[in-house]
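Asks:
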Amino acid sequence: MLLPGIRKAVAAAISEMTQSLNQTLDHSFSTKSLKWRLEALRTGKSFAEIVLLHSLLYRVEQVFLIHRESGLVLQHIVAPEVTAQDADMVSGMLTAIRNFVQDSFNVHKGDSLDALRFGELALWIEQGSQAILAGVIRGNAPKELRLVFQDTLNKIHLQKGSAISAFDGDATPFAETQQDLEACLQAQYESKPQKPSPVLWIVVGAIAVALGTWIGFSIRDHLRWANYLEKLNAQPGIVVTKAEKQWGKYFVSGLRDPLAADPIKIMKAAHINPKTVKSQWKPYVSLEPALFANRAKQLLQPPKTVSLQVDENGVLSATGVAPHQWIVETRKRVQFIPGINQFQEKNLLDQDLRKLQLSKEQIEKQTLQFTGIELQLAPNQSNRIQNLVQAIKKLLDSAKSLNKDVRVTIIGRANVKGEAKTNLTLSQARANVVLDTLVSNGVNRTNLEAVGVGSTESLNSKFGVQKSEINRGIAVSPVISFRIAIANKPNSRTR
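FYI, the numbering for the sequence shown is 6 to 500, going by this note's numbering.
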């Protein structure tokens, strides 16, 4: 739609300029033009006016509407750039000439004066029943012009007949006839074929090259602009509401999600200078799925070890390893993210819970040994006790930060050779000794529990205890329970 319009406008402009330049150059370099310039200097008229007069076939310069009975002027119009005479004086002169002709010559009743000529001017007169239309014409007008005068006079009689009959000297009611009289202000100029001069071809060629270059750049800029708008509309989170070009500058406005692509970068990619474009973007929150993941990343700030993805149903899936605190906060925040309907964390590993589990497993592997049937730890157990104390304290601290309850059960054992009742009592006493030792080293008693099992439960060699030493030591088994907030129910503890 654009290119045909451009071609049509350019063709019309070139044609008009060619005609104008051809006439101007011809008048500038011909012998005739020199004579006309001398005439302009002699008469004091402009060169353009002299050219106009010499190329004029005819022109109606003035039109008078005269009351037939009184001879007074009802309306008078003048062509542009024509010096007007006094209308009443012309009317009086016309009446005097008409009376002179009727009185001095033997004219028949009903005959009338139709035309007068004086020099280059002619006065055509059309007689009506109530009014007279007179036109001052320069040059030789065709007979068809009389038909125009007659039609105009008849139309005025038809529209203003009553006003003409009641005319009392006030011409105000006839101001409306001006538009009808202007139809009589016709003109025709001589039209001669002109041979374009070489200078004209050079000028026209230069203009054509300039116009062609301008058109080429205009088309290129238009295509780039269209490409930019197409890419802009394809971006999720961007809605273009208005795009236009005015005075060589582009304007674009609309809505843009803060997480959407930068329009300036898109503009540069389309080879458009940002200085030539005025952009106005109002912020809004887009519900396009393509932006859900970006919005989630911005609001949740996941660690580098976590990747986030959002499916078409608005399910946010987290994959990787993350701190416990981030997971807890994410569960709270995710419900406030537009477009996210569910948080899926089955592929997300809580690294703090994992560390807690590893600490638990390390403690469960520890053993303490007693000598014979005594209630004293073996001499070589001091370092084990200290390591065990530090491990349990660390476990308790981690559990507290994770809102977990920890219960460390100290299981005491006895030799299978003794009586069951005696072994049970001995194993309980040994477990109590370890409990007191841990408490004396700063472990919270509420997290400890001592249980004697006698010889009913045997240790497995996986704890690093030799077969000859089995059932003479103490195993420490931490139990981690999850604190679950359920209304009106006590917290659950696993032992």
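Glycine included, every Cβ here is placed at the ideal spot set by N, Cα and C.
The model shown is predicted, which means the values in this text are computed figures rather than measured ones.
Check the C-beta distance from Ile82 over to Leu228 and give it rounded, since I have them as a contact under 8 Å.
Replies: So it is not a contact: roughly 53 Å between Cβ atoms.
Asks: Could you give the C-beta distance for Leu128 and Ala139, rounded to a whole number, given that I count them as a contact under 8 Å?
Replies: Rounded, the Cβ-Cβ distance is 6 Å, consistent with contact.
Asks: Take the Cβ of Asn449 as the centre, count every other Cβ of all protein chains shown within 10 Å, and call the residue buried at 16 or more, exposed below.
Replies: Asn449 comes out exposed.
Asks: Measure the C-alpha to C-alpha separation of Gln80 and Ser60 and round it to an integer number of angstroms.
Replies: When rounded, the distance between both Cα atoms is 30 Å.
Asks: Does the beta carbon of Pro384 fall short of 7 Å from some heavy atom of the ligand ADP?
Replies: Ligands displayed in this structure: none; no statement on the ligand ADP is therefore possible.
Asks: Just reading off the beta strand (DSSP E) that Ile342 is part of, what are its end residues?
Replies: Here Ile342 belongs to no beta strand (DSSP E), and DSSP marks it neither H nor E.
Asks: Quick check: what's the CA-CA separation for Val209 versus Leu216?
Replies: Looking at the two C-alpha atoms, the distance is approximately 10 Å.
Asks: Which two residues bound the contiguous alpha helix (DSSP H) that contains Val372?
Replies: A small fix is needed here, since residue 372 is Thr in this sequence, not Val. First-last for Thr372: 372-374, but that is the beta strand (DSSP E), not the alpha helix (DSSP H).
Asks: State the CB to CB distance for the pair Leu305 and Thr335, rounded to an integer number of angstroms; the pair is presumed to be in contact (CB under 8 Å).
Replies: Confirmed, Cβ separation roughly 5 Å.
Asks: So, do the region 269-277 and the region 230-240 have three or more beta carbon pairs nearer to each other than 8 Å?
Replies: Verdict: yes, contact present.
Asks: For Gly459, which of Phe348, Glu424, Glu369, Asn446 has the nearest alpha-carbon?
Replies: Of the candidates Phe348, Glu424, Glu369, Asn446, the one whose C-alpha sits nearest the C-alpha of Gly459 is Glu424.
Asks: DSSP three-state call for Leu393: helix, strand or coil?
Replies: Looking at Leu393 - three-state DSSP - the assignment turns out to be helix.
Asks: Could you tell me whether the region 382-394 touches the region 434-454, using the rule of 3 or more Cβ pairs below 8 Å?
Replies: Yes, the region 382-394 touches the region 434-454.
Asks: If you draw a straight line from the alpha carbon of Pro9 to that of Ala213, how long is it in whole angstroms?
Replies: Bear in mind that a pLDDT of 42 at Pro9, under 50, signals an unreliable position, so the number given afterwards is only what the model happens to contain. The alpha-carbon atoms of Pro9 and Ala213 are separated by roughly 17 Å.
Asks: What does the alpha-carbon distance come out to for the pair Asn476 and Pro384?
Replies: With a pLDDT of 43 at Asn476, under the threshold of 50, the predicted position of this residue should be treated as unreliable, and no value is reported.
Asks: In or out: Val95 buried (at least 16 other Cβ within 10 Å) or exposed?
Replies: Its Cβ being crowded by 16 or more others within 10 Å, Val95 is buried.
Asks: Could you check the C-alpha separation between Leu152 and Ser196 for me, to the nearest Å?
Replies: C-alpha separation (whole angstroms): 24 Å.
Asks: In this structure, does DSSP put Phe69 in helix, strand or coil?
Replies: Residue state, collapsed to three classes: strand.
Asks: Note down, one range per segment and in chain order, each alpha helix (DSSP H) of at least 4 residues found wholly within the region 160-235.
Replies: Qualifying alpha helix (DSSP H) stretches, in chain order: 183-187.
Asks: Inspect the beta-carbon positions of Leu77 and Phe179 and report whether they are closer than 8 Å.
Replies: Cβ atoms of Leu77 and Phe179: not closer than 8 Å.
Asks: Using only the alpha-carbon positions, how far apart do Val65 and Pro203 sit?
Replies: Looking at the two C-alpha atoms, the distance is approximately 37 Å.
Asks: So, are the CB atoms of Glu131 and Gln155 less than 8 Å apart?
Replies: A contact, by the Cβ cut-off of 8 Å.
Asks: With H, G and I counted as helix, E and B as strand and the rest as coil, what does DSSP make of Thr246?
Replies: Thr246 falls in the strand class under three-state DSSP.
Asks: Would you mind working out which of Asp226, Ala266, Asp262 sits nearest Glu249, comparing C-alpha positions?
Replies: Measuring from the Cα of Glu249, the nearest candidate turns out to be Asp226.
Asks: Rounded to the nearest angstrom, what separates Lys426 and Thr372 at their Cα positions?
Replies: C-alpha separation (whole angstroms): 23 Å.
Asks: Using the DSSP secondary-structure output, state which residues sit across from Asn352 in a beta bridge.
Replies: Asn352 pairs with Thr324.
Asks: In the DSSP assignment, what residue or residues form a beta bridge with Arg256?
Replies: It should be noted that the sequence gives Phe, not Arg, for residue 256. According to DSSP, which records beta bridges pairwise, Phe256 is partnered with Glu249, Lys283.
Asks: Beta carbon of Arg73, beta carbon of Ile137: below 8 Å?
Replies: A contact, by the Cβ cut-off of 8 Å.
Asks: Would you identify the three-state DSSP class for Asp119, choosing helix, strand or coil?
Replies: Correct three-state label for Asp119: coil.
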